[in-house]
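S.K.: Once you know that position 266 of the sequence shown is 258 in my numbering, the rest is easy, because the numbers rise by one and skip nothing. Glycine is no exception: its CB is placed at the ideal position from the N, C-alpha and C atoms. Keep in mind it's a predicted model, so treat the numbers as computed, not measured. Have a look at this one before I ask anything.
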Amino acid sequence: MAEQEVDERIAGEAADWVMRVQSRPLDERERQALEAWSQQSPMHACAWSRARQLLQISGQVPPALGRDALQRLHGLGRRRAMQTLALLIAAPPAAWLAWQRMPHWRADLSTDKGERRALQLSDGSQLVLNTDSAVDVAFDAEQRLLRLQRGEILVTTAHDPRRFVVETAQGRVRALGTRFSVRVLDERSRVAVFEHAVEITPHQSAALRLEAGRQAAFGAQEVNAAEPLADYADAWESGLFVANELRLDQLLDELSRYRSGILRVHPGVAAMRVSGTFPMGNDERALTLLEKTLPLRVSRMSRYWVSVQPLE
-7 MAEQEVDERI AGEAADWVMR VQSRPLDERE RQALEAWSQQ SPMHACAWSR
43 ARQLLQISGQ VPPALGRDAL QRLHGLGRRR AMQTLALLIA APPAAWLAWQ
93 RMPHWRADLS TDKGERRALQ LSDGSQLVLN TDSAVDVAFD AEQRLLRLQR
143 GEILVTTAHD PRRFVVETAQ GRVRALGTRF SVRVLDERSR VAVFEHAVEI
193 TPHQSAALRL EAGRQAAFGA QEVNAAEPLA DYADAWESGL FVANELRLDQ
243 LLDELSRYRS GILRVHPGVA AMRVSGTFPM GNDERALTLL EKTLPLRVSR
293 MSRYWVSVQP LE
């Protein structure tokens, strides 16, 4: 969402919603009221987006609100806490654009766009970070916890009596002796299980077991119906993406994760179906492959502005 000015009144209303969401689960009427409020104008939508981002760091309270941060604000008293939140929500757009990256700069482990990183954790578990990812590691005597702030990780757990958990803004994923991936989407998280099983627990819903060969997205309040795992869904670990009758615009969305700049697709070719294996992190090679196999052309205004268009 584009950053814009947020006036004090709307910032105060957003702060009030934050405090209400944290204090107790909203009922259906209140959830509808919040949704209606956030959709009144672009400024309302921006204010609510900021409110959620502000408190996302620990991912303890839905939707995308951090319990620890809110508890610290409550320590100020409700009135001062709301004033503090409102001031932050109403901050100038330039300050927000700078702030949005800060938690990821401070993350224990991170990757830049186009980068992948594989390492072994202290318990012997194997962790792979995909492009543009950030994760904090919090192992103690009772559990092995990874807080996924952004991006995507692939985990192969080592045997250990402590439970292994990956936490996102929407909930927790507990490993049940397994190999699995977790990816943070805009408003949801997605889990793919390659071996054994995991237990998904949204922040406001009951746990659901997901078996090997299945994938599912989940929000703070529910887990979507499980789907069969796509072939080679973990190919990104090797720097590849395998498409099987995938829409062109969806393929380009995946390529965009690995590059800086703008990659646009003309509506006239967006629905083309694509099959093949594409190198991730080498978008020039991938785009050249598309030009050679499909009736389209790639227009390069610069390295950072690329458009995929129909052949004329």
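Quick check on aspartate 60: does DSSP put it in helix, strand or coil?
M.R.: Note that aspartate 60 scores 41 on pLDDT, short of 50, meaning its location in the model is unreliable and no value can be drawn from it.
S.K.: Under a Cβ-count criterion, where at least 16 other Cβ atoms within 10 Å of its own Cβ denotes burial, should glutamate 229 be classed as buried or exposed?
M.R.: Counting Cβ neighbours within 10 Å, glutamate 229 comes out exposed, since fewer than 16 surround it.
S.K.: Does the Cβ of aspartate 223 have 16 or more other Cβ atoms within 10 Å, making it buried, or fewer, making it exposed?
M.R.: Exposed: under 16 other Cβ atoms inside 10 Å.
S.K.: Between which residues of its own chain and glutamate 5 is the CB-CB distance below 6 Å, once the five residues before and five after are set aside?
M.R.: If we look at glutamate 5 and ignore the five residues flanking it on each side, it has no Cβ neighbours.
S.K.: What does a CB cutoff of less than 7 Å around threonine 316 pick up in its chain, not counting 5 residues either side in sequence?
M.R.: Coverage of the chain is limited to positions -7 through 304, which leaves residue 316 absent and any answer about it impossible.
S.K.: Could you name the residues that DSSP lists as bridge partners for arginine 182?
M.R.: Bridge partners of arginine 182: Arg175 and Ala209.
S.K.: Roughly how many angstroms separate the alpha carbons of alanine 209 and alanine 263, rounded to a whole number?
M.R.: Rounded to the nearest angstrom, the two C-alpha atoms are 23 Å apart.
S.K.: Is the beta carbon of aspartate 124 closer than 9 Å to that of leucine 138?
M.R.: Not a contact, by the Cβ cut-off of 9 Å.
S.K.: Between leucine 140 and alanine 126, is the Cβ-Cβ spacing less than 9 Å?
M.R.: In this structure, alanine 126 lies closer than 9 Å to leucine 140 by Cβ.
S.K.: Round the Cβ separation of phenylalanine 201 and proline 220 to the nearest angstrom and send it over; I've been treating them as touching at under 8 Å.
M.R.: The sequence shown places arginine at residue 201, not phenylalanine. Not quite, the Cβ-Cβ distance comes to about 16 Å (not below 8 Å), so this is no contact.
S.K.: Can you tell me which residues form a DSSP beta bridge with arginine 109?
M.R.: DSSP lists Leu121 as partners of arginine 109.
S.K.: Measure from the alpha carbon of glutamine 301 to the alpha carbon of each residue in Arg265, Pro259 and Ile192, then state which is nearest.
M.R.: Nearest option by C-alpha distance: Pro259.
S.K.: Within the 9 Å Cβ cut-off, does serine 181 reach chain B?
M.R.: Protein chain content of the structure displayed is limited to a single chain, and chain B is not contained in it.
S.K.: Taking a contact to mean a Cβ-Cβ separation below 9 Å, would you say valine 183 touches valine 165 in this structure?
M.R.: Cβ atoms of valine 183 and valine 165: closer than 9 Å.
S.K.: What is the DSSP secondary structure of arginine 295, counted as helix, strand or coil?
M.R.: Coil at arginine 295, not helix or strand.
S.K.: Which term fits tyrosine 250, buried or exposed, when burial requires 16 or more other beta carbons within 10 angstroms of its beta carbon?
M.R.: Its Cβ being crowded by 16 or more others within 10 Å, tyrosine 250 is buried.
S.K.: Near alanine 225, what residues of its chain come up, given a Cβ to Cβ distance below 6 Å and the 5 sequence neighbours on each side ignored?
M.R.: So the list reads Ala184, once near-sequence residues are dropped.
S.K.: How would you call glycine 253, buried or exposed, if buried means at least 16 neighbouring beta carbons within 10 angstroms?
M.R.: Glycine 253 is exposed by the Cβ-count criterion.
S.K.: Go ahead and label asparagine 236 buried or exposed: buried means 16 or more other beta carbons lie within 10 angstroms of its beta carbon, across all protein chains shown.
M.R.: Classification of asparagine 236: exposed, given that the 10 Å Cβ count is below 16.
S.K.: Identify whether threonine 148 lies in helix, strand or coil by the three-state DSSP scheme.
M.R.: In the structure shown, threonine 148 sits in a strand (DSSP, three-state: E or B).
S.K.: Starting from serine 33, trace the beta strand (DSSP E) in both directions and tell me its first and last residue.
M.R.: No beta strand (DSSP E) contains serine 33, which DSSP labels as neither H nor E.
S.K.: What do you reckon, are the CB atoms on valine 174 and glutamate 134 nearer than 9 Å?
M.R.: No, Cβ-Cβ distance for valine 174 and glutamate 134 is not below 9 Å.
S.K.: Give me the Cα-Cα distance between aspartate 245 and glutamate 27, rounded to the nearest whole angstrom.
M.R.: Distance between the alpha carbons of aspartate 245 and glutamate 27: 27 Å.
S.K.: Taking the Cβ atom as the reference point for each residue, do alanine 199 and alanine 189 lie within a distance shorter than 9 Å?
M.R.: Cβ atoms of alanine 199 and alanine 189: not closer than 9 Å.
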